[in-house]
Amino acid sequence: MPGGLSGRKILITGPTGQVAEPIARALAPVNDVWGVARFSDPEARGRLEAAGVSCVALDLASGDFSALPDDFDHVLNFAVVRGGDADWDRDLAANAEATGLLLSHCRNAASVLHCSSTAVYQHQGPSHQLRETDALGDNHRVMMPTYSICKIAAEAVARFAAREWNLPVTIARLNVPYGDNGGWPAWHLEFMLHGHPIALHPEQPNRFNPIHEDDIIGQLPRMLEIASVPATIVNWAGAPSSIEEWCGYLGELAGLEPNFVVTDATIGSVTTDNTKLHELVGEAKVGWRDGIRRMVEARHPELLKP
Ligand SMILES: NC(=O)c1ccc[n+]([C@@H]2O[C@H](COP(=O)([O-])OP(=O)(O)OC[C@H]3O[C@@H](n4cnc5c(N)ncnc54)[C@H](OP(=O)(O)O)[C@@H]3O)[C@@H](O)[C@H]2O)c1
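Just so you know, we're using our numbering here: the sequence shown kicks off at 1055 and counts up by one.
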């Protein structure tokens, strides 16, 4: 494990998720890793247990943590609910209230990484690189009606927890996580394979800052080291790219043509200023072309020419 995160007792929420499963697998060989989810996917639970993760099934929104120890060194909060059905009561409970209930239970931890999203920023188009101090807003409503506001609410609860319990917290605003375990570019590849259209916002290019799962894992120890009271807030992102660029490259690798459709019924650019991330944590190491090629190799090796 890079950065020396070993021999610790670590709680990961949402360990069956796209982002957290590779983290849990990377940490488990050298730490005492516990995972909490409802485990609606028994196969994912099986993979985690085989990797040495102690799995506890619970609904974080329920507030009943009696099955869970409370002596973790670190908490990595990656659980998220993003219903497409605009059930605000459920989604605020599962994202925001659950964060408070969890951190209350784990208030004696040495540090907490709360995973947030750059979906918390007010949309500012492709030419503005979003900084941590920029305006917040309801960025993703067009595709996920409750997501941005629930992520903002969860951040506020994590900030409260830091101050209330003197609990060092980092709030890391993730941009586009991707890698062998999937992510948005992996969805785009599936769309291309099945001839489905890929939505582009009219303000082009559709710019984002994809970050590979290896960089997420590599930066975790430092993310925990910079946890503070009040909470440290930092973007978590790689170098800039765009949907147009990475789909073009996916098309080159796989011999497919992306079928772009321009519509304002999709998320527009969310591109970040990474100055604070680079100062506090460091730069991502996996270039997006390299990461995308590895992703295709892992998920669809049959598409790559020898
Ligand atoms: N993926 C992205 O493109 C992206 C972009 C920016 C930020 N992020 C952030 O990254 C983090 C991880 O996202 P992800 O995409 O990896 O999530 P994901 O694949 O949707 O996984 C969500 C995880 O949370 C668990 N979970 C959901 N509701 C729960 C509940 N009520 N109680 C306990 N566990 C629950 C799920 O397991 P069960 O359903 O079995 O409970 C699953 O393990 C989130 O904070 C997200 O906001 C993701």
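Glycine included, every Cβ here is placed at the ideal spot set by N, Cα and C.
Roughly how many angstroms lie between the CA atoms of residue i and residue j, to the nearest whole one?
| i | j | result |
| --- | --- | --- |
| residue 1189 | residue 1225 | 16 Å |
| residue 1174 | residue 1320 | 16 Å |
| residue 1253 | residue 1303 | 16 Å |
| residue 1069 | residue 1169 | 12 Å |
| residue 1136 | residue 1160 | 24 Å |
| residue 1067 | residue 1157 | 11 Å |
| residue 1241 | residue 1345 | 15 Å |
| residue 1081 | residue 1073 | 13 Å |
| residue 1205 | residue 1358 | 37 Å |
| residue 1305 | residue 1216 | 45 Å |
| residue 1331 | residue 1290 | 7 Å |
| residue 1342 | residue 1094 | 32 Å |
| residue 1213 | residue 1285 | 6 Å |
| residue 1088 | residue 1313 | 42 Å |
| residue 1113 | residue 1086 | 21 Å |
| residue 1201 | residue 1195 | 7 Å |
| residue 1275 | residue 1179 | 32 Å |
| residue 1144 | residue 1122 | 22 Å |
| residue 1329 | residue 1262 | 16 Å |
With respect to the alpha helix (DSSP H) encompassing residue i, which residues constitute its N-terminal and C-terminal limits?
| i | result |
| --- | --- |
| residue 1231 | That residue, residue 1231, is in no alpha helix (DSSP H); its beta strand (DSSP E) goes 1230 to 1233. |
| residue 1096 | 1096 to 1104 |
| residue 1329 | 1329 to 1334 |
| residue 1080 | 1074 to 1081 |
| residue 1211 | 1201 to 1218 |
| residue 1129 | Run containing residue 1129: none in the alpha helix (DSSP H); it sits in the beta strand (DSSP E), 1128 to 1131. |
| residue 1297 | 1297 to 1308 |
| residue 1346 | 1342 to 1353 |
| residue 1156 | 1152 to 1159 |
| residue 1145 | 1142 to 1146 |
Which residue comes first and which comes last in the beta strand (DSSP E) that contains residue i?
| i | result |
| --- | --- |
| residue 1168 | 1165 to 1171 |
| residue 1192 | Per DSSP, residue 1192 belongs to no beta strand (DSSP E) and is neither H nor E. |
| residue 1314 | 1314 to 1316 |
| residue 1108 | 1108 to 1111 |
Which residue from the options puts its Cα closest to that of residue i?
| i | options | result |
| --- | --- | --- |
| residue 1243 | 1311, 1260, 1063 and 1229 | 1311 |
| residue 1117 | 1108, 1092, 1175 and 1105 | 1092 |
| residue 1292 | 1301, 1088 and 1326 | 1326 |
| residue 1207 | 1186, 1259, 1153 and 1178 | 1153 |
| residue 1349 | 1203, 1149, 1233 and 1065 | 1233 |
| residue 1140 | 1296, 1198 and 1119 | 1198 |
| residue 1090 | 1061, 1120, 1062 and 1084 | 1120 |
| residue 1315 | 1343, 1347, 1255 and 1264 | 1255 |
| residue 1177 | 1323, 1331, 1337 and 1246 | 1323 |
| residue 1063 | 1075, 1128 and 1096 | 1128 |
| residue 1278 | 1223, 1354, 1126 and 1096 | 1223 |
| residue 1098 | 1071, 1084, 1083 and 1123 | 1071 |
| residue 1265 | 1126, 1295, 1257 and 1065 | 1295 |
| residue 1106 | 1336, 1065, 1183 and 1171 | 1065 |
Who are residue i's beta bridge partners in DSSP?
| i | result |
| --- | --- |
| residue 1252 | 1314 |
| residue 1264 | 1230 |
| residue 1286 | 1224 |
| residue 1175 | 1190 |
| residue 1137 | According to DSSP, residue 1137 bridges with nothing at all. |
| residue 1088 | 1065 and 1108 |
| residue 1237 | 1232 |
| residue 1326 | 1184 |
Hey, residue i and residue j are a contact pair by Cβ (cut 8 Å); roughly how many whole angstroms apart?
| i | j | result |
| --- | --- | --- |
| residue 1167 | residue 1131 | 7 Å |
| residue 1147 | residue 1111 | The Cβ separation is near 18 Å, so there is no contact. |
| residue 1339 | residue 1237 | Contact doesn't hold; Cβ gap of about 17 Å is too wide. |
| residue 1102 | residue 1078 | 6 Å |
At a threshold of 6 Å, does residue i count as lining ligand 2 (C-beta to nearest heavy atom)?
| i | result |
| --- | --- |
| residue 1226 | No copy of ligand 2 appears in this structure; the ligands present are ligand 1. |
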